[in-house]
Amino acid sequence: MNDIIIITGGASGLGFELIKQSLEKGLIVCNIDKNTEKMSKLANDFKENYKGFCGDISDEKFITNAINEIKNMGNIKVLINNAGEPSFKIPTEYTKEDIEKCFKGLQGMIIVSTQVLKAKEEKDVKIVNIMSSAALRGNKQESVYCATKWGERGYTESLKVAYKGTSVKIIGVYPGGINTNFYKDSRDYVSEEKQNTFMDPTEVANTIMENIFSTNNLTVVDIIIERN
2 MNDIIIITGG ASGLGFELIK QSLEKGLIVC NIDKNTEKMS KLANDFKENY KGFCGDISDE
62 KFITNAINEI KNMGNIKVLI NNAGEPSFKI PTEYTKEDIE KCFKGLQGMI IVSTQVLKAK
122 EEKDVKIVNI MSSAALRGNK QESVYCATKW GERGYTESLK VAYKGTSVKI IGVYPGGINT
182 NFYKDSRDYV SEEKQNTFMD PTEVANTIME NIFSTNNLTV VDIIIERN
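When we follow this note's numbering, the leftmost residue of the sequence shown carries the number 2, and every step to the right adds one.
See below:
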């Protein structure tokens, strides 16, 4: 049976690098992302061992249907929860729209993980939750973003306890700034010059993949990745 890796938010940035490296490993890649234009391009670029599902990860009906379809394609080996959107503002400038945008990442992480666990009957799967160093500390222009990342961290830690000693493995990933377009709407906070000093997404993806697919008889449960 074919081994499948599910990656959310794979249309660009770190997720895109994770897709490329997964395909190089011979895995079947299922990418869930809401960017219609980029998903259409990926479908043309990656014809073999790739399937895209275009939609919102916080839409429970869409995710349920997608995971049911993926389950029939082969063995779901790994889920990487990577999708999410930032909002970087001083505390008094946050709006309800900003809050809802940030919290969709947390909602989606829970919804996708729940459906994958059901599909796998809570056995033999790795769930990798990619968060941020913002889940480890507070930042003055990231109050709502930090709130969602701390929520994702709490969810990740709770899953570790729930599945301790089982064949379900939970990995939390906490990267610092990565040189992608993640910051393009926040130029007053992260300039392009500053962004260019951040980590290379290919190297970050390589570090994550090395730990996920290590052949050692152990599991790395937390990965903190910072710039040198």
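For every residue, glycine included, the Cβ atom is placed at its ideal position computed from N, Cα and C. Remember, it's a predicted structure, so these values are computed and weren't measured experimentally.
Does the region 43-50 come close enough to the region 156-169 to have 3 or more Cβ pairs within less than 8 Å? Contact between the region 43-50 and the region 156-169 is absent, because fewer than three Cβ pairs lie under 8 Å.
Top-ranked residue by Cα proximity to Gly85, from Lys72, Ile100 and Asn76: The count along the sequence shown starts at 1 and reaches residue 85 at position 84. Nearest of Lys72, Ile100 and Asn76 to Gly85, Cα basis: Ile100.
List the residues that DSSP assigns as beta-bridge partners of Asn76. Within the sequence shown, numbered from 1, the residue matching residue 76 stands at position 75. Answer by DSSP bridge pairing, in chain order: Asp4.
Quick check: what's the CA-CA separation for Gly90 versus Cys103? Mapped onto the sequence shown, residue 90 falls at position 89. Mapped onto the sequence shown, residue 103 falls at position 102. What sits at residue 90 in the sequence shown is Lys, not Gly. For Lys90 and Cys103, the distance between alpha carbons rounds to 12 Å.
Using a threshold of 8 Å, state whether the C-beta atoms of Leu80 and Ile7 are closer than that. The count along the sequence shown starts at 1 and reaches residue 80 at position 79. The count along the sequence shown starts at 1 and reaches residue 7 at position 6. Closer than 8 Å, so yes.
On the DSSP letters alone, give me the boundaries of the beta strand (DSSP E) that Asp223 sits inside. Here residue 223 refers to the residue found at position 222 of the sequence shown. First-last of the beta strand (DSSP E) with Asp223: Asp223 to Ile226.
Do Ser144 and Pro176 have their C-beta atoms closer together than 8 Å? Walking along the sequence shown from the start, residue 144 turns up at place 143. Walking along the sequence shown from the start, residue 176 turns up at place 175. No, the pair does not count as a contact, with Cβ atoms beyond the cut-off.
Give me the DSSP bridge partner(s) of Ile179. Counted from its first residue, the sequence shown places residue 179 at position 178. The partner list for Ile179 (beta bridge, DSSP) reads Met200.
In the DSSP assignment, find the beta strand (DSSP E) that holds Asn32 and state where it starts and stops. Stepping through the sequence shown from its first residue, residue 32 is reached at position 31. Its beta strand (DSSP E) spans residues Ile29 to Asp34.
I need the straight-line Cα distance from Gly27 to Lys21, nearest angstrom please. Within the sequence shown, residue 27 is the residue found at index 26, counting from 1. Within the sequence shown, residue 21 is the residue found at index 20, counting from 1. Those two C-alpha atoms are separated by around 10 Å.
Just curious, the alpha helix (DSSP H) that Tyr156 is in, first and last residue? Within the sequence shown, numbered from 1, the residue matching residue 156 stands at position 155. Tyr156 -> alpha helix (DSSP H) spans Ser144 to Ala163.
Are the beta-carbon atoms belonging to Asn182 and Asn197 less than 8 Å from one another? For this step, residue 182 is matched to residue 181 along the sequence shown. For this step, residue 197 is matched to residue 196 along the sequence shown. No. Outside cutoff.
Buried or exposed: which applies to Glu153, given that a residue is buried once 16 or more other Cβ atoms fall within 10 Å of its Cβ? As a position in the sequence shown, residue 153 is number 152, starting the count at 1. Around the Cβ of Glu153, a 10 Å sphere holds 16 or more other Cβ atoms; the residue is buried.
Using only alpha-carbon positions, find the residue among Ile29, Lys185 and Val174 that is nearest to Asn212. Counting from one through the sequence shown, the residue named residue 212 turns up at place 211. Between Asn212 and the set Ile29, Lys185 and Val174, the nearest pair of CA atoms involves Val174.
Can you give the beta carbon distance from Pro87 to Ser187, rounded, assuming they're within the 8 Å contact cut? In the sequence shown, the residue the question calls residue 87 occupies position 86. In the sequence shown, the residue the question calls residue 187 occupies position 186. Their Cβ separation, rounded to whole angstroms, is 7 Å, which keeps Pro87 and Ser187 in contact under 8 Å.
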